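S.K.: First to last, the sequence lines map onto chains A and B.
4 is the number of the first residue of the first sequence in the working numbering; add one for each residue after it.
5 is the number of the first residue of the second sequence in the working numbering; add one for each residue after it.
Heads up, the beta-carbon is just placed ideally off N, CA and C, and yes, glycines get one too.
Just so we're clear, the structure is a prediction, and the values are computed from it rather than from any experiment.
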Amino acid sequence: MNERVAIVGVGWVGFRLVTPDQSYKELMYEAALRAYADVGVDPRCDVESFVTVAEDFHEGTSIFDEYVPDQLGAVLKPVHTIGGDGLHGLGAAYMLVRTGQFDVVALEGHSKASSILTLPQVTAHAQDPVLNRPLRLNTHYVAGLEMNRYLYETGTTREQCAAVVVKNRRNALSNPSAPYGADLTAEDVLSGPPLAWPLGCRESAEHADGAVVMVLASEAKARHLTDRPIWIQGVGWCNGSASLESRDWAQAPYLQEAARMAYRQAGIRNPERQVDFAEVDDTYAYKELQALEALGFCHPGEAGVLTERGVTAPDGDLPVNVSGGSLGMGHLLDATGLARALEAVLQLRGEAGPRQLEGVEVGLVGSWRGVPTTSGAVVILSNSKRREPWV
Amino acid sequence: MGMRKVAVVGAGMTRFVRRAQETGKELSWQAARMALESCDMTLDDIQAVCMGTAPDAFDGVHMKAEYLSDGAGAWRKPYMRSYVGGGTGVFVPIQGWYHIASGLFDVVLVVAEEKMSSYYPHAQAAFLTIFDHTTERPLKPNLLWIFALEMNRYMTTYGVAKGDIARVSVLHKRNAADHPCALLGDPHITVEDVLNSETLAWPVQRYDVSPVSDGAVAIVMAAEHVAARITDRPVWIEGVGWSLDTAHWTNRDLAYPRYVEHAARMAYEMAGIKEPRKEIHIVEPYDPFDYKALHHLEGLLLAERGQAAQLYIDGVAARDGKMPVCPSGGLLGVGNPIAAAGLMKIAELFWQLRGEAGARQVPGQPTRGLAQAWGDLMQVGTVVIMGR
């Protein structure tokens with residue numbers, strides 16, 4: 004067994020609104036090339052196994068895993084695809100290294116959302132075909148229902164949700180990879196057209212194209228490959244209720260469970276004190292607030308207040324989505340969680356440029372797979388190998 | 005520190021049928037419940053769930069595994085879906101293996117589900133969407149033609165007679181007659197029946213092909229110290245291997261599945277197997293087409309290239325032969341709900357190695373078996389070696 008695993012290389016391409024000049028294969032190739040160059044490995048002889056994340060309907064190709072090996076340098080290698088978010092893929096790659104069978108594993112996720120002509124209809128096809136689809140529920144409508152319940156039960160306001168949009172899109176202005184940077188006021192957000200009451204159009208992340216590749220290694224190998232390993236301190240993932248009819252509409256218990264699993268591995272008892280910054284899902288602005296509460300940074304109803312007070316701003320006590328989040332970087336379909344993890348790696352390496360946070364040691368990454376799922380994952384990363392024992 | 009040992013401790017499967025009345029969720033739960041009951045466990049004992057299911061196009065549900073999650077018993081549990089096309093059924097126990105071998109979990113439920121009948125009028129049409137959208141899809145390739153190409157290549161390269169390939173279909177369908185879950189078991193089928201069946205795309209005839217089916221299979225996997233508490237007859241995962249070849253299948257030697265060889269070599273090395281022909285007692289190679297079983301036996305290094313049919317001619321492959329092949333009845337006999345069919349082979353080895361296979365039991369108390377699946381564009385091999 005390899006007890007400790009580190010992210011030793013990252014590469015990405017994008018993120019852009021459209022990429023007519025690059026196919027998905029070219030996006031993958033470029034991101035992979037950068038990741039391999041980042042750590043100085045040759046995929047053909049140094050990388051022992053590969054994990055990719057993808058969903059067939061996002062690719063327009065059934066059995067999409069067919070088309071991944073060539074551009075990753077993975078031909079005739081142990082390659083498999085996870086039908087999950089990038090953080091699920093990170094969990095799978097983490098487990099592969101921990102088995103002791105592999106020392107170096109590469110992970111890939113991408114989005115070519117601009118090629119999908121009917122994304123809302125595709126997403127709506129994720130609903131239960133017997134019980135829900137006949138109701139012709141729009142995806143955003145389901146999110147609007149959830150937001151309404153969340154606001155009702157926690158006392159969070161629409162203004163507080165708008166503050167998330169203002170913060171994340173402003174953060175994106177300092178991120179050269181983020182295409183949706185903007186200097187907005189809460190008034191600008193709230194005066195936009197409604198999407199599904201109380202959810203407004205400007206509180207929902209637009210999509211972007213891009214690819215992210217990461218290289219993971221066992222401790223012995225990581226020491227040999229790099230002097231700036233980012234240690235994976237904990238990984239957790241969890242599914243809640245699949246059916247719309249029987250789920251908790253106000254909270255995100257699946258993320259709470261995922262966090263509990265990751266915290267236990269990382270020895271985190273008090274996330275508010277032990278985590279320096281977080282990158283969490285903000286597909287919809289209210290999701291960031293709901294996530295912060297599920298992750299245990301504050302009690303239900305407090306995340307909006309903290310956001311308004313600037314606690315989650317880059318200069319606050321708990322910077323959240325310094326990258327700009329999905330609202331600022333664009334939603335990347337199955338690679339969304341990987342883009343969040345990418346930011347955490349860059350911050351912990353001290354390579355985040357103008358948005359670099361000072362003195363950060365532990366970062367938390369959280370993801371959600373979108374409507375209609377209750378599927379979330381949490382990863383704790385650190386530039387220090389030190390880990391509090393969980394007694 | 006050595007690698008953590010992982011065992012299979014329970015298994016269950018639904019009947020494989022042409023058109024199930026149950027939803028995919030229900031099929032998943034039926035199999036999961038049978039697997040749990042087989043080892044006196046409940047969902048409370050399960051720490052994580054692994055799901056294997058092939059293209060979303062079959063069910064017409066985007067992110068199919070999310071939809072299936074509560075049926076698979078994953079409510080409020082870590083749940084992940086792995087995916088390697090047709091190879092998924094033998095990959096998902098590998099996923100279960102790495103969940104436990106990683107040290108993150110001690111008990112994992114592994115479920116494989118497929119409901120192909122939702123695709124109307126026929127699931128074959130879903131396979132039109134697996135080809136490259138620029139270079140191949142405009143040709144409207146039918147999967148049966150592609151396999152006709154490969155079968156023809158195999159027969160031509162090695163001079164294998166069609167009648168000898170038909171023996172595979174005969175043996176597997178006869179074996180399946182003893183399987184209570186089988187769709188196409190037939191104790192009386194003959195080589196002539198196969199050779200006289202309808203031609204679909206020469207040289208592929210109807211009885212050379214496994215049927216489109218619905219069904220689900222589940223197994224329970226456990227770490228060594230937990231397995232000892234659950235059963236006194238655990239079946240160990242001794243080796244796993246998988247390999248994915250280039251997507252450019254048209255440039256590949258179709259006569260020999262080198263990706264299966266790569267996967268097999270990885271699994272043999274992990275299991276410490278030097279002479280597979282002597283050390284493997286039961287083989288469940290993937291047999292969606294009869295020639296495929298031969299193809300895969302060669303890729304697994306269990307027969308010389310072009311010589312696998314001899315195993316059937318000499319009776320080596322028979323249930324009471326020296327190396328029984330597909331004692332379950334395989335995909336040709338039991339049915340082919342893609343991912344579930346692969347996991348069915350793992351369940352079969354579990355039952356065979358524990359001596360619980362009933363009428364299908366291989367004599368001589370076998371101690372080691374191998375299951376293999378194949379998938380994608382003649383591209384991926386997945387191999388699991390199990391022993392007691």
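Establish whether the CB of W101(B) and some CB of chain A are separated by less than 9 Å.
M.R.: At a cut-off of 9 Å between C-beta atoms, W101(B) counts as an interface residue with respect to chain A.
S.K.: Quick check on the burial criterion: 16 or more other C-beta atoms within 10 angstroms. Buried or exposed for P59(B)?
M.R.: Note on P59(B): 16 or more other CB atoms within 10 angstroms of its CB, so buried under the neighbour-count rule.
S.K.: Under 9 Å, CB to CB, which of the residues in the region 107-126 of chain A have a partner in chain B?
M.R.: V125, T126
S.K.: Can you list, in chain order, the residues of its chain whose CB lies under 6 Å from that of L335(B), leaving out five sequence neighbours each side?
M.R.: S214, D291, P292, A345
S.K.: Given that M332(A) touches chain B, what residues does it touch there, using C-beta distances under 8 Å?
M.R.: Chain B residues near M332(A): none, gap ~22 Å exceeds 8 Å.
S.K.: If you compare alpha carbons, which of T315(A), V216(A), P303(A) is closest to V71(A)?
M.R.: The shortest C-alpha separation from V71(A) is found at V216(A).
S.K.: Suppose only complete runs of 4+ residues qualify. What are the alpha helix (DSSP H) ranges in the region 175-253 of chain A, listed by chain order?
M.R.: 189-193, 222-228
S.K.: Find the nearest neighbour of A271(B) within the set M390(B), V21(B), C54(B), Q34(B), judged by alpha-carbon distance.
M.R.: M390(B)
S.K.: Might you give, ordered along the chain, the residues of its own chain that have their beta carbon closer than 6 Å to the beta carbon of W149(B), omitting 5 neighbours on each side?
M.R.: A205
S.K.: Kindly give me the distance between the Cβ atoms of G213(A) and W15(A), rounded to whole angstroms, as I take these residues to be in contact under 8 Å.
M.R.: 6 Å
S.K.: Applying a beta-carbon distance threshold of less than 7 Å, which residues of chain A neighbour E70(B)?
M.R.: A129, A245, R372, T376, S378
S.K.: Using only the alpha-carbon positions, how far apart do S385(A) and T229(A) sit?
M.R.: 15 Å
S.K.: Would you mind telling me which residues of chain A sit closer than 9 Å to L229(B), beta carbon to beta carbon, in chain order?
M.R.: A small correction: the amino acid at residue 229(B) is His; Leu does not occupy that position in the sequence shown. What H229(B) touches in chain A: nothing, since even the nearest Cβ is about 14 Å away.
S.K.: Using a cut-off of 7 Å between C-beta atoms, extract the partners of G77(B) located in chain D.
M.R.: In the displayed structure, chain D is absent; the protein chains listed are A and B.
S.K.: Residue ranges of each alpha helix (DSSP H) run of no fewer than 4 residues wholly in the region 185-247 of chain B, ordered along the chain?
M.R.: 195-199, 228-234
S.K.: Could you give the C-beta distance for F95(B) and S106(B), rounded to a whole number, given that I count them as a contact under 8 Å?
M.R.: With a Cβ gap of about 16 Å, F95(B) and S106(B) do not count as contacting.
S.K.: Measuring only between beta-carbons, confirm whether V82(A) sits less than 9 Å from chain B.
M.R.: yes
S.K.: Is there at least one Cβ from chain B nearer than 9 Å to D59(A)'s Cβ?
M.R.: Closer than 9 Å: yes.
S.K.: Please check the pair P201(A) and L154(A), which I expect to be a contact at CB under 8 Å, by giving their CB distance rounded to whole angstroms.
M.R.: Going by Cβ atoms, the distance from P201(A) to L154(A) rounds to 6 Å, so yes, they are a contact pair.
S.K.: Work out the CA separation of T139(B) and H61(A) for me, nearest whole Å.
M.R.: 19 Å
S.K.: Can you find a CB in chain B that lies within less than 9 Å of the CB of T404(A)?
M.R.: For chain A, the structure presents residues 4 to 394; residue 404(A) sits outside this window and is missing.
S.K.: Quick one: does Q25(B) have its CB under 9 Å from some CB of chain A?
M.R.: Chain A, which has no Cβ nearer than 9 Å to the Cβ of Q25(B), makes this no.
S.K.: Where does the unbroken beta strand (DSSP E) through F53(A) begin, and where does it stop?
M.R.: Annotation: the continuous beta strand (DSSP E) that includes F53(A) extends over 52-56.
S.K.: Just the Cα atoms here: how many angstroms apart are V11(A) and F53(A)?
M.R.: 15 Å
S.K.: For chain B, find out if any of its Cβ atoms is closer than 9 Å to the Cβ of V394(A); answer yes or no.
M.R.: A caution first: V394(A) carries a pLDDT of 45, below 50, which makes its placement in the model unreliable, though a value can still be read off. By this cut-off, V394(A) is not an interface position.
S.K.: Would you call the CB atoms of S73(B) and S378(A) closer than 9 Å?
M.R.: yes
S.K.: Is the CB-CB distance between G340(A) and G89(A) below 9 Å?
M.R.: Contact: yes.
S.K.: Of all Cβ atoms in chain A, is any one closer than 9 Å to the Cβ of D257(B)?
M.R.: no
S.K.: Where does I150(B) sit, in a helix, a strand or coil, going by DSSP?
M.R.: helix
S.K.: Rounded to whole angstroms, what's the CA-CA distance from E41(B) to A231(B)? Just pull it up for me.
M.R.: 15 Å
S.K.: What in chain A is Cβ-close to Y123(B), meaning under 7 Å?
M.R.: Under the 7 Å cutoff, chain A gives no residues; its nearest Cβ is about 11 Å from Y123(B).
S.K.: Just grab the DSSP bridge partners of A17(B) for me.
M.R.: According to the sequence displayed, residue 17(B) carries Met and not Ala. Answer is V221(B), bridged to M17(B).
S.K.: Would you say H285(B) and M348(B) are within 9 Å of each other, going by their C-beta atoms?
M.R.: no
S.K.: With DSSP collapsed to three states, give me the class of I389(B).
M.R.: I389(B) falls in the strand class under three-state DSSP.
S.K.: Starting from K115(A), follow the alpha helix (DSSP H) in both directions and report where the run begins and ends.
M.R.: Premise fails: K115(A) lies in the beta strand (DSSP E), 107-115, not in any alpha helix (DSSP H).
S.K.: Quick one: does P59(B) have its CB under 9 Å from some CB of chain A?
M.R.: Using a Cβ-Cβ cut-off of 9 Å, P59(B) counts as an interface residue toward chain A, since at least one Cβ of chain A sits closer than that to its own.
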